[in-house]
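Inspection log for the structure reproduced underneath, given as structure tokens.
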Amino acid sequence: MTIRFIHAADLHLGSPFKGFAGLPGKMAQTVRESTFTAFRNLIGHASETRPDFLLIAGDIYDGEDRSLRAQEQFRMGMETLREEGIPVFVSHGNHDHLSGSWVRFSLPDNVRVFGPQVETAELNVRGTTVKIHGFSYPERHVTEPVIGHYPQSESDAVEIGMLHGSIRGNEAHDVYAPFTKDELLGKGYDYWALGHIHKRQVLHAQPPIVYPGSLQGLHRKESGIKGFYEVEIGQGTSSLEFIPAGALVFGTAEINCAGIRHADQWLERCMHQIRAFREADGPGLLDLRLTGIDEGAEAMFSDAPESEWLEFIRECVMRDCPDIGVHRMTWERDTALAVPGGLFRDVLEELGSWDADNWKDCLADLYGHRQAYRFTGRLGEEEIREIAEEAERLITDGLMKGGRAE
Numbered sequence: 074m075t076i077r078f079i080h081a082a083d084l085h086l087g088s089p090f091k092g093f094a095g096l097p098g099k100m101a102q103t104v105r106e107s108t109f110t111a112f113r114n115l116i117g118h119a120s121e122t123r124p125d126f127l128l129i130a131g132d133i134y135d136g137e138d139r140s141l142r143a144q145e146q147f148r149m150g151m152e153t154l155r156e157e158g159i160p161v162f163v164s165h166g167n168h169d170h171l172s173g174s175w176v177r178f179s180l181p182d183n184v185r186v187f188g189p190q191v192e193t194a195e196l197n198v199r200g201t202t203v204k205i206h207g208f209s210y211p212e213r214h215v216t217e218p219v220i221g222h223y224p225q226s227e228s229d230a231v232e233i234g235m236l237h238g239s240i241r242g243n244e245a246h247d248v249y250a251p252f253t254k255d256e257l258l259g260k261g262y263d264y265w266a267l268g269h270i271h272k273r274q275v276l277h278a279q280p281p282i283v284y285p286g287s288l289q290g291l292h293r294k295e296s297g298i299k300g301f302y303e304v305e306i307g308q309g310t311s312s313l314e315f316i317p318a319g320a321l322v323f324g325t326a327e328i329n330c331a332g333i334r335h336a337d338q339w340l341e342r343c344m345h346q347i348r349a350f351r352e353a354d355g356p357g358l359l360d361l362r363l364t365g366i367d368e369g370a371e372a373m374f375s376d377a378p379e380s381e382w383l384e385f386i387r388e389c390v391m392r393d394c395p396d397i398g399v400h401r402m403t404w405e406r407d408t409a410l411a412v413p414g415g416l417f418r419d420v421l422e423e424l425g426s427w428d429a430d431n432w433k434d435c436l437a438d439l440y441g442h443r444q445a446y447r448f449t450g451r452l453g454e455e456e457i458r459e460i461a462e463e464a465e466r467l468i469t470d471g472l473m474k475g476g477r478a479e
């Protein structure tokens, strides 16, 4: 007897996608709609393939104050699955915890939302009993382990654990509901449906312990194809198939500018790399990283402002590959080409030594301002990295221009 289900997580419906100003109108709209498009792709696949049930392991919404549109889109998707007779099991995570303030929509009766304590849902799939254990975050910060509250497997049923959290000691992400792999294996379940980590990964093969990753990348650090897993469990074995769902892929294309002296040469190299990305990964949003900028290329680039180069390549890409957008360009210049500048060098070295606390102290007035905060949002690790990179770029560009002037 085989059961088949879908495991998805981290939908983040309604993500605001800050920092994408300047994109052409159609691409900007694609970015804004991408989480909804990915969700509709998930619902469409489920409707077509009719799994026995669907698991959503946390962070359906992007924030605790859920928008009306995001809730309506989710409700409509659940109604579509109800019409197909597909049960859905939901555990809310740190971004869409139960204490958030929002106007609530009702959900159809095929949806089971786990409460703030670990509980068990049971269903019968063609004569096989399936038990699904899970909980929803009662508030945003669940920093204590919850794994101890999950029951031990004690029957012949297929048992699945849903847990939105991270491995204890993993400092690359905010640590919520921490656990160890051995603690999960010790429960004796047939499958662990995890959420919270946006990168797809299988922590253990048999029985599977799985992060499906986010359904749609939310920024340039979340590169690669995103989607969900289709899972089959039967006769002591299991199999996984990854199903792409994202509306677009975030990526980077490196453009070697060595030897370039004319804009048409540069454009040709750019378009070659962009077409290669499109063929490999499909629709996407790219950062162009310009490398190998020698003296001749630097002289060419200096004849127009960087903003004009970016606008130019965006227009060319829109004509040739309309489903590819260029987010930004970074210029990896050799500072040795410029006249050495002690002040610039000292500032770069100082910035390079700063940690997250130094940046938070520097930006405290801006991010703590009660009016500005509405536009800046939360100052997290990703925001700090982007601010640091942009500061270094501006200083380096000033160094290069200063060198050319002298």
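Here the sequence shown stands for residues 74 to 479, numbered as in this note's numbering.
Even for Gly, the Cβ is constructed at its ideal location relative to N, Cα and C.
Exercise. Report the rounded CA-to-CA distance for Tyr446 versus Tyr249, giving the unit in angstroms.
Key: Any answer about Tyr446 is weak, because its pLDDT of 47 lies below 50 and its placement is not dependable; what the coordinates show is given next. Approximately 25 Å between the Cα atoms of the pair.
Quiz item: In chain order, which continuous runs of the beta strand (DSSP E) of length 3 or greater are located wholly inside the segment 157-227?
Solution: Note on the segment 157-227: whole beta strand (DSSP E) runs with a minimum of 3 residues are 161-164, 184-186, 192-198, 201-207, in chain order.
Quiz item: Hey, quick one: how far does the alpha helix (DSSP H) through Leu96 stretch, first residue to last?
Solution: Per DSSP, Leu96 belongs to no alpha helix (DSSP H) and is neither H nor E.
Quiz prompt | For Leu340, the first and last residue of its enclosing alpha helix (DSSP H) | solution = DSSP places Leu340 in the uninterrupted alpha helix (DSSP H) bounded by 336-354.
Self-check item: Residues near Arg96 by beta carbon distance below 6 Å, same chain, minus five either side
Solution: According to the sequence displayed, residue 96 carries Leu and not Arg. Excluding positions up to five away in sequence, the list reads Gly398.
Quiz prompt | Local conformation of Gly476 per DSSP, three classes | solution = Low per-residue confidence applies at Gly476: pLDDT is 45, beneath 50, and the placement is therefore not dependable enough to give any value.
Practice problem: With Glu314 as the anchor, note down where its beta strand (DSSP E) starts and where it stops. | Solution: Looking at the DSSP string, the run of the beta strand (DSSP E) that includes Glu314 is 310-317.
Quiz prompt | Gln190 versus Asp83 - alpha carbon distance | solution = Straight-line Cα distance between these residues: approximately 20 Å.
Practice problem: Report buried or exposed for Asp132, applying the criterion of at least 16 other Cβ atoms within 10 angstroms of its Cβ. | Solution: That one is buried.
Practice problem: Measuring alpha carbon to alpha carbon, tell me which of Pro181, Asn329, Ile79 ends up nearest Asp367. | Solution: Out of Pro181, Asn329, Ile79, Asn329 has the C-alpha closest to the C-alpha of Asp367.
Self-check item: Cut-off 6 Å between Cβ atoms - residues of its own chain near Phe448, not counting five sequence neighbours on either side
Solution: For Phe448, the predicted structure reports a pLDDT of 46, less than 50, and the residue's modelled location is therefore unreliable. A value from the coordinates is still provided. The beta carbon of Phe448 sits closer than 6 Å to no other beta carbon from its chain once the five residues preceding and following it are set aside.
Self-check item: Inter-stretch contact (C-beta, 8 Å, three-pair minimum) for the segment 258-271 and the segment 282-302
Solution: As far as the Cβ criterion goes, the segment 258-271 touches the segment 282-302, which means the pair count is three or higher.
Exercise. Can you tell me the Cβ-Cβ gap for Val161 and Leu154, rounded? I've got them flagged as a contact below 8 Å.
Key: Sure, about 6 Å apart at Cβ, within 8 Å.
Quiz prompt | Met235 classed as buried or exposed, judged by whether at least 16 other C-beta atoms fall within 10 angstroms | solution = Classified as buried, Met235 has 16 or more neighbouring CB atoms from the shown chains inside 10 Å of its CB.
Quiz item: Between which two residues does the alpha helix (DSSP H) carrying Glu137 extend?
Solution: Unbroken run through Glu137: none, as it is neither H nor E.
Quiz item: Going by C-alpha distance, which of Pro395, Ala372, Ile159 is nearest Arg185?
Solution: Minimum Cα-Cα distance from Arg185 among the listed residues Pro395, Ala372, Ile159 corresponds to Ile159.
Quiz item: According to DSSP, is Arg406 helix, strand or coil?
Solution: Strand, per DSSP.
Exercise. Determine, using beta carbons only, whether Thr325 and Asp360 come nearer to each other than 7 Å.
Key: Yes, the pair counts as a contact, with Cβ atoms nearer than the cut-off.
Quiz item: Looking only at C-alpha atoms, which of Thr216, Gly188, Leu258, Leu196 sits nearest to Phe208?
Solution: Checked all of Thr216, Gly188, Leu258, Leu196; the closest Cα to Phe208 is Gly188.
Quiz prompt | Cα-Cα separation between Phe78 and Ile116, rounded to whole angstroms | solution = Using only the alpha carbons, I get a separation of about 13 Å.
Quiz item: For the beta strand (DSSP E) that contains Glu327, what are its first and last residues?
Solution: Boundaries of the beta strand (DSSP E) around Glu327: 322-329.
Quiz prompt | Cβ neighbours of Arg105 in the same chain (closer than 7 Å, five flanking residues each side left out) | solution = Excluding residues within five positions, the ones whose Cβ falls inside 7 Å are Phe90.
Quiz item: Looking at C-alpha atoms only, which residue of Leu257, Ile282, Thr193, Leu291 is the closest neighbour of Ile220?
Solution: Ranked by how close their Cα comes to the Cα of Ile220, the residues Leu257, Ile282, Thr193, Leu291 have Leu257 in first place.
Practice problem: Can you give me the Cβ contacts of Phe112 inside the same chain, cut-off strictly under 7 Å, excluding the 5 residues immediately before and after it? | Solution: Leu84, Leu86, Gln146, Gly150, Leu288.
Practice problem: Would you list, in sequence order, the uninterrupted beta strand (DSSP E) runs of no fewer than 3 residues that lie entirely inside the segment 268-301? | Solution: Counting only runs of 3 or more, we get 274-277, 282-284.
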